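Participant:
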Amino acid sequence: MSTPRTVRVDLGARSYNVAIGPGLLAQAGARIAPFAPGKRVAVVVDETVARLHLAALTQALSSAGLTVHTVVTPAGEGAKSFAGLERVIDALLALNLERRDLVVAFGGGVVGDLAGLAAALLKRGLDFVQVPTTLLAQVDSSVGGKTAINASAGKNLVGVFHQPRLVLADLDVLSTLPERERRAGYAEIVKIGLIRDAAFFAWCELHAEDVIAARPGDILREAVAVAVQAKAEIVAADEREGGVRALLNLGHTFAHAIEAQAGLDTGAVLHGEAVGCGMALAFRFSAGLGHCNGADSARVDAHLKAAGFATRLADLPAGPYTPARMIAAMQHDKKNEGGRLTLILARGIGDAFVSKNVDVAALGDFLAEQA
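Residue numbers (the working numbering): 48 to 418.
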């Protein structure tokens with residue numbers, strides 16, 4: 048089995064490491080203890096992860112001399128709400144945590160966002176550590192400091208940037224995920240090839256099956272490490288998404304509109320599934336506008352289909368996805384400026400760019416064709 052690999056997120060005094068590899072839960076106590084000088088940690092975890100993995104993490108933390116408290120949240124996107132945030136903050140306040148104590152986010156992207164935002168707000172900021180347990184969280188949401196909850200107007204609209212002190216991505220836990228969840232995470236891996244690394248996209252074309260299956264070994268570690276390294280470099284260059292970091296949102300504006308229409312807490316369309324479809328749409332729209340050639344768009348479409356993603360709105364469950372509702376959701380996107388729609392589009396595989404002032408009429412016609 049491959050040995051752990053470390054990626055550094057270089058943010059000056061707020062820099063931190065992302066450890067990637069097998070067996071990291073067993074090492075969690077020794078790795079996390081230096082960030083908890085008060086010797087108390089509060090583990091925020093959802094019900095599913097608690098059942099599968101909490102005992103192992105608790106044992107590791109306790110063996111390092113840490114006092115462990117647990118805050119259990121419901122599983123699913125519905126927990127990422129104002130009510131869910133209030134429940135977590137109230138539970139943390141009841142523990143009377145101090146600033147020398149530590150919050151540990153143990154779960155997928157929902158728990159990472161929820162615990163990270165709670166830590167940022169509590170007593171004007173507690174340190175926290177990410178221990179992501181889904182492929183999507185390991186390669187994307189646990190790295191970069193974005194924390195948020197959803198609002199009635201859309202996804203991730205209420206939040207702050209709050210960087211973790213450490214990220215532990217234990218590849219062993221991925222074997223307990225349903226295949227659908229692993230496939231959803233793969234969308235955020237192949238995205239790196241599409242936005243900036245054509246050679247990595249070609250690598251993904253060869254190895255997608257092994258990554259989605261979470262087969263132990265160097266291929267899985269390489270996929271996670273490459274995605275994390277790319278995100279670390281982009282975050283270091285643009286922490287607050289004023290420029291190049293926006294490229295990481297390839298497909299996401301389409302995806303968030305899909306999720307809003309399907310229902311954020313229904314489970315009908317997972318975030319990664321929406322991103323997979325959204326990336327295919329972004330390339331197809333780019334080709335239609337003449338930004339990239341049709342061959343690249345077709346190649347992206349073929350790979351995403353082979354990996355098990357829907358690539359047209361008509362192929363997604365919970366439809367029909369109407370252009371009017373899709374565009375209404377897109378109008379709330381955080382990248383928009385001056386009321387004008389911004390999308391991440393592509394000149395080709397490995398060459399994404401920010402397109403501002405998108406023609407809404409042309410977009411509506413395109414969406415109508417895809418539905």
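C-beta: ideal position from N, C-alpha, C; glycine also.
No experiment lies behind these values; they were computed from the predicted model shown.
What is the DSSP secondary structure of Glu416, reduced to helix, strand or coil?
Facilitator: Three-state result, Glu416: helix.
Participant: With Ile136 as the anchor, note down where its alpha helix (DSSP H) starts and where it stops.
Facilitator: Note, Ile136: alpha helix (DSSP H), 129-141.
Participant: What's the C-alpha gap between Val91 and Pro121?
Facilitator: Straight-line Cα distance between these residues: approximately 11 Å.
Participant: Buried or exposed: which applies to Thr194, given that a residue is buried once 16 or more other Cβ atoms fall within 10 Å of its Cβ?
Facilitator: With 16 or more other Cβ atoms within 10 Å, it is buried.
Participant: I need the straight-line Cα distance from Pro364 to Gln106, nearest angstrom please.
Facilitator: If I take the Cα positions, the gap works out to 41 Å.
Participant: Short of 7 Å in beta carbon distance, which residues of its chain neighbour Lys127, apart from the five on each side in sequence? Order them along the chain.
Facilitator: For Lys127, where only same-chain residues beyond five positions count, the Cβ hits under 7 Å are Val157, Asp160, Leu161, Ile196, Asn197.
Participant: Would DSSP call Val190 helix, strand or coil?
Facilitator: If DSSP states are grouped into helix, strand and coil, Val190 belongs with coil.
Participant: Report buried or exposed for Arg147, applying the criterion of at least 16 other Cβ atoms within 10 angstroms of its Cβ.
Facilitator: Exposed.
Participant: Can you list the alpha helix (DSSP H) stretches of 4 or more residues lying completely in the stretch 342-400, in chain order?
Facilitator: With a minimum length of 4 residues, the continuous alpha helix (DSSP H) runs that stay inside the stretch 342-400 are 370-377.
Participant: Give me the Cβ distance between Ala73 and Leu241, rounded to the nearest whole Å; I'm assuming they're in contact under 8 Å.
Facilitator: Not a contact, Cβ separation roughly 35 Å.
Participant: Is it the case that the Cβ atoms of Glu306 and Ala321 are separated by a distance below 8 Å?
Facilitator: Going by C-beta atoms, Glu306 is nearer than 8 Å to Ala321.
Participant: For Arg87, which residues does DSSP report across the bridge?
Facilitator: Arg87 pairs with Thr114.
Participant: Suppose you measure from the CA of Tyr233 to the CA of Phe247; what does that come to, to the nearest Å?
Facilitator: Spanning the two alpha carbons is a distance of roughly 13 Å.
Participant: Among residues of its own chain, excluding the 5 on either side of Ser110, which ones have a beta-carbon nearer than 6 Å to its beta-carbon?
Facilitator: Gly76.
Participant: Along the beta strand (DSSP E) that carries Ala216, what are the first and last residues, could you check?
Facilitator: Counting along the chain, the beta strand (DSSP E) containing Ala216 begins and ends at 213-217.
Participant: Let's see if you can read the secondary structure: which residues bound the beta strand (DSSP E) around Thr50?
Facilitator: Taken as a continuous stretch (DSSP letters only), Thr50 belongs to no beta strand (DSSP E), as it is neither H nor E.
Participant: When you compare only the Cα positions, how much space is there between Ala216 and Phe82?
Facilitator: Between Ala216 and Phe82, the C-alpha separation is close to 17 Å.
Participant: Going by DSSP, what residue range makes up the beta strand (DSSP E) through Phe2?
Facilitator: Absent from the model: residue 2. The displayed extent of the chain is 48 to 418, so no value can be given.
Participant: If you run the structure through DSSP and keep just helix, strand and coil, what is Ser402?
Facilitator: Here Ser402 sits in strand by DSSP.
Participant: Secondary structure at Asp430, three-state DSSP: helix, strand or coil?
Facilitator: The structure shown does not extend to residue 430, since the chain is modelled only from 48 through 418, so no value can be given for it.
Participant: Any contact of the stretch 52-60 with the stretch 272-292, i.e. 3+ C-beta pairs under 8 Å?
Facilitator: Touching, yes.
Participant: Measure from the alpha carbon of Lys170 to the alpha carbon of each residue in Ile136, Thr180, Ser199, then state which is nearest.
Facilitator: Nearest of Ile136, Thr180, Ser199 to Lys170, Cα basis: Ile136.
Participant: Check whether the stretch 326-340 and the stretch 382-395 are in contact - that is, three or more C-beta pairs closer than 8 Å.
Facilitator: Result yes; three or more Cβ-Cβ pairs closer than 8 Å.
Participant: Val151 by DSSP, collapsed to three states: which one?
Facilitator: Val151 falls in the strand class under three-state DSSP.
Participant: When burial is assigned at 16 or more other CB atoms within 10 Å of the CB, is Asp174 buried or exposed?
Facilitator: By the neighbour-count rule (16 or more Cβ atoms within 10 Å), Asp174 is buried.
Participant: Between Arg268 and the rest of its own chain, which residues show a CB-CB distance below 7 Å, the 5 nearest in sequence each way excluded?
Facilitator: Excluding sequence neighbours, Arg268 sits near Ser49, Arg52, Ile67, Gly68, Leu218.
Participant: Keeping to the same chain, check which residues put their C-beta closer than 7 Å to that of Arg61; ignore five residues upstream and five downstream.
Facilitator: Here the set comprises Gln210.
Participant: With distances taken Cα to Cα, identify the nearest neighbour of Ser402 among Asp412, Ala415, Glu384.
Facilitator: That would be Glu384, whose Cα lies nearest to the Cα of Ser402.
Participant: Taking 8 Å as the cut-off, decide whether the C-beta atoms of Ile391 and Leu297 are in contact.
Facilitator: In contact: Ile391 and Leu297 (Cβ atoms closer than 8 Å).
Participant: Using only the alpha-carbon positions, how far apart do Ala270 and Phe301 sit?
Facilitator: Whole-angstrom Cα-Cα distance: 24 Å.
Participant: Quick check on this structure: which residue in Asp380, Thr114, Ala166 has the alpha carbon closest to the alpha carbon of Glu133?
Facilitator: It is Ala166 whose Cα lies nearest to the Cα of Glu133.
Participant: In terms of alpha-carbon separation, which member of Phe153, Asp93, Ala353 lies closest to Ala255?
Facilitator: Among Phe153, Asp93, Ala353, the Cα nearest to that of Ala255 belongs to Ala353.
Participant: Within 10 angstroms of the Cβ of Leu104, are there 16 or more other Cβ atoms? Answer buried if so, exposed if not.
Facilitator: Looking at its Cβ environment, which holds 16 or more other Cβ atoms inside 10 Å, Leu104 is buried.
Participant: Can you tell me whether Asn296 is helix, strand or coil according to DSSP?
Facilitator: Residue state, collapsed to three classes: helix.
Participant: With a floor of 4 residues, list each alpha helix (DSSP H) that falls wholly inside the stretch 243-276, ordered by position along the chain.
Facilitator: The qualifying runs are 245-259.
Participant: Taking just the CA atoms, how far does Cys251 sit from Arg262?
Facilitator: Rounded to the nearest angstrom, the two C-alpha atoms are 15 Å apart.
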